[in-house]
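S.K.: Under full-length UniProt numbering, the residues of the sequence shown are numbered 1 to 191, in order.
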Amino acid sequence: MNWLAHVYLSEQSPAFRVGNLLPDFMSMPALAALPQQFQPGIQQHRRIDAFTDSHPIVKQSIQRFEAPFRRFGGILCDVFYDHFLANDWSQYSDEPLPEFTHGFYDSIESLRPHLPADIHFDLRRMRHGDLLGSYRHLSGITQALQRLSRRFRRPVDLAPSVHVLERHYDSFRADFRAFFPELQAHVGLTS
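Printed below as a string of structure tokens:
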């Protein structure tokens, strides 16, 4: 799961929510050096990723990708599944998505003094571009994939994989809808 799901699958505490996001921005040694208040969220992030990466429904989704995207299938499914979470948001939360995301951005801002300076830019960009809310739209997914593409050592363009999402939209959505309740149960969260 990508950023939106990680934040959603968190306890209400701002530090837990922010901690659940940080492993996507920081190295393991840097995470270990963070204040204790972030550690439960960091552990939740790892539980979510381990469950997701090993789940048969996610593996089924990954099979829809052909070369060159199959080797990135887990990452792509994470982003695609966030798209479905954003679009099905009212099935999982009584709080409207814009209120949820803006509340999370406020949490980041309040905790920024406790976070390393080298991630401040990325966290500010998240807020200013409402990156969590942007997952609702295919254009937001394309932008997320462009950002992900820049994180690899070798050049890779993941943005065209959005066409795989468009081609198999109903199948990916069905996979997400079958998988997400199992993930919620795994982390002890029910809608």
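Just so it is clear, CB atoms sit at the ideal spot from N, CA and C, and this is done for glycine as well.
#1: Determine the DSSP secondary structure at L34, reduced to helix, strand or coil.
#2: Run the CB neighbour count on M28, radius 10 Å, all protein chains shown included, and call it buried at 16 or more, exposed below.
#3: Take S90 as the anchor and find which of G188, L183 and Y8 has the nearest alpha-carbon.
#4: Given this structure, state the Cα-to-Cα distance separating F51 from R177, to the nearest angstrom.
#5: Starting from H114 and walking both ways along the alpha helix (DSSP H), at which residues does that stretch end?
#6: Taking one C-beta from the segment 129-140 and one from the segment 56-72 each time, how about it: are there three or more such pairs within less than 8 Å?
#7: Label F152 either buried or exposed according to how many other C-beta atoms from any shown protein chain fall within 10 Å of its C-beta, with 16 as the threshold for buried.
#8: Do three or more CB pairs link the segment 161-174 to the segment 37-46 at distances below 8 Å?
#9: Evaluate contact between the segment 103-114 and the segment 75-90, counting only Cβ atoms and requiring at least three cross-stretch pairs below 8 Å.
#10: Would you list, in sequence order, the uninterrupted alpha helix (DSSP H) runs of no fewer than 4 residues that lie entirely inside the segment 32-120?
#11: Shortest alpha-carbon distance to L145 belongs to which of E95, D78 and F104?
#12: I believe L165 touches L4 by the beta-carbon criterion, under 8 Å. Please report the beta-carbon distance rounded to the nearest angstrom.
#13: To the nearest angstrom, how far is it from the Cα of L115 to the Cα of F38?
#14: Should F121 be labelled buried (16 or more other beta-carbon atoms within 10 Å of its own) or exposed?
M.R.: So, to answer that:
#1: Within the sequence shown, the letter at position 34 stands for residue 34. The answer is coil: DSSP assigns L34 none of H, G, I, E or B.
#2: Taking the sequence shown and counting its residues from 1, the one referred to as residue 28 is at position 28. Exposed.
#3: Working through the sequence shown from its first residue, we reach residue 90 at position 90. Per the Cα distances, Y8.
#4: Working through the sequence shown from its first residue, we reach residue 51 at position 51. Working through the sequence shown from its first residue, we reach residue 177 at position 177. Taking the straight line from one Cα to the other gives about 16 Å.
#5: One-based indexing of the sequence shown puts residue 114 at position 114. That residue, H114, is in no alpha helix (DSSP H); it is neither H nor E in DSSP.
#6: no
#7: As a first step, residue 152 must be located in the sequence shown, where it is residue number 152. The C-beta of F152 has fewer than 16 other C-beta atoms within 10 Å across all chains shown, which makes the residue exposed.
#8: no
#9: no
#10: 39-54, 56-62, 73-87, 89-92 and 97-111
#11: Residue mapping note: residue 145 aligns to position 145 of the sequence shown, counting from 1. With distances taken between Cα atoms, L145 lies closest to D78.
#12: The residue you call residue 165 lines up with position 165 of the sequence shown. The residue you call residue 4 lines up with position 4 of the sequence shown. About 16 Å separates the two Cβ atoms, so there is no contact after all.
#13: The sequence position of residue 115 within the sequence shown is 115, counting from 1. The sequence position of residue 38 within the sequence shown is 38, counting from 1. In a straight line, the C-alpha of L115 is about 10 Å away from that of F38.
#14: Walking along the sequence shown from the start, residue 121 turns up at place 121. F121 is exposed by the Cβ-count criterion.
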